[in-house]
Amino acid sequence: MTENRYLCFLSDIGKEKFMNQGGESPCPFCNRGALSDILDEAYPLVLLKNKYATFANTQQTVLIETDDCAADMAVYEPVHMQKIITFGTDHWLAMEQSGEYKSVAFFKNHGPLSGGSIGHAHMQIVGLKDIDYKRNLNADMFDGIEIVRKGNCVLNISTRPNACATEFNVITAPRNDRFMAHHVQNLVRYVLDRCSSFNLFFYQWNESIICKIVPRYVTSPFLIGFNIPQTSSRLHQIAEEVKRMID
Ligand SMILES: [Zn+2]
């Protein structure tokens with residue numbers, strides 16, 4: 168398949184999703200007996216095909232993180248957090264290695280400004296048949312003020328963020344699920360004390376597995392209209408706050 172730059176939103180499926188999930192509809196991830204197209208399970212984790220595959224030329228899957236509709240990543244036991252990271256990363260990398268996709272996106276939406284439509288905690292693994300997300304990456308995105316280092320594993324705050332003023336990066340080289348789970352959860356707690364919404368984005372980049380934690384606010388018009396990203400005058404202060412929280 169030829170290379171593409173755009174995800175094509177399938178309006179009819181989007182409409183159907185809206186009709187079935189709007190209003191007072193019960194949570195579809197709580198009704199476990201009714202789930203279909205399950206790809207793998209490790210209680211309470213479930214990986215299944217997304218019922219509403221709203222983008223063309225993709226394989227959209229959903230990873231349900233918990234059977235507690237009110238829980239979120241900030242409150243999980245450490246062992247559960249690590250189980251999610253390992254289960255998700257294993258499936259993400261297996262899809263990458265299947266050769267069926269140009270690239271595979273692994274990410275999480277949380278909260279009203281994150282782009283998510285279901286409150287029940289979940290992540291997504293999406294195989295992109297004609298888009299290589301790595302073409303849009305550059306090393307600058309992961310540079311930052313170091314907050315924690317253990318060998319080649321680093322937690323930092325971006326000095327040259329991709330889109331939002333405060334982006335945190337957890338970089339493991341080689342893959343280290345324990346470091347990843349611990350620090351992603353720390354950052355989620357830090358972020359959710361200050362705003363309602365965040366995204367996690369996972370990348371394979373130069374032998375590293377990286378997670379970018381992005382607090383979400385209303386998107387800046389400078390970014391949308393002029394492609395001008397922002398940074399913050401408080402980066403050093405935020406780095407200190409996070410370091411204090413972790414110690
Ligand atoms: Zn639920």
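First residue of the sequence shown: 168, per our numbering; consecutive thereafter. Don't be surprised by glycine CBs; every beta carbon is placed ideally from N, CA and C. Please read these numbers as outputs of a predicted model, since none were measured by experiment.
Should residue i be counted as a contact of ligand 3 given a C-beta to heavy atom distance under 6 Å?
i: Phe196; result: Summarising the ligand content, the structure contains ligand 1 and does not contain ligand 3.
Could you please give me the residues that DSSP links to residue i through a beta bridge?
i: Lys275; result: Leu367
i: Thr339; result: Ile376
i: Cys320; result: Lys317
i: Phe325; result: Residue 325 is actually Ser in this sequence, not Phe. Bridge partners of Ser325: Gly311.
i: Phe176; result: Phe222
In three-state terms, what does DSSP make of residue i?
i: Val315; result: strand
i: Arg383; result: strand
i: Ile231; result: strand
i: Ser270; result: strand
i: Gln226; result: strand
i: Phe185; result: helix
i: Asp413; result: Checking the sequence shown, residue 413 turns out to be Ile, not Asp. Residue state, collapsed to three classes: helix.
i: Ile405; result: helix
i: Gly200; result: helix
i: Ala306; result: helix
In the DSSP assignment, find the unbroken alpha helix (DSSP H) run with residue i in it and report its ends.
i: Val213; result: Per DSSP, Val213 belongs to no alpha helix (DSSP H); it is in the beta strand (DSSP E), Leu212 to Lys216.
i: Pro388; result: Pro388 to Phe393
i: Ala261; result: Pro245 to Gln264
i: Asn353; result: Asp344 to Leu359
From what residue to what residue does the beta strand (DSSP E) around residue i run?
i: Gly294; result: His289 to Leu295
i: Asp207; result: Ile205 to Ala209
Please name the residue, chosen from the options, that lies closest to residue i on a Cα-to-Cα basis.
i: Gly311; options: Leu402, Leu390, Asn353 and Gly181; result: Leu402
i: Met240; options: Tyr370, Ser281 and His289; result: His289
i: Val229; options: Ala237, Leu280, Arg361 and Ala220; result: Ala220
i: Leu174; options: Val337, Ser400 and Asp299; result: Asp299
i: Ala406; options: Gln397, Leu354 and Ser364; result: Leu354
i: Lys155; options: Pro382, Asp414, Asn198 and Thr225; result: No answer is possible for residue 155: the residues shown for the chain start at 168 and end at 414.
i: Pro279; options: Val321, Ser363 and Ile251; result: Ser363
i: Asn198; options: Asn187, Gly181, Asn217 and Asp234; result: Asp234
i: Arg342; options: Thr326, Val358, Tyr357 and Tyr370; result: Tyr370
i: Ile314; options: Ala332, Ile376, Val385 and Lys410; result: Lys410
i: Thr169; options: Asn303, Tyr268, Leu367 and Asp204; result: Tyr268
i: Tyr357; options: Phe346, Thr339, Ile376 and Thr333; result: Thr333
i: Pro193; options: Tyr210, Asp204 and Cys236; result: Cys236
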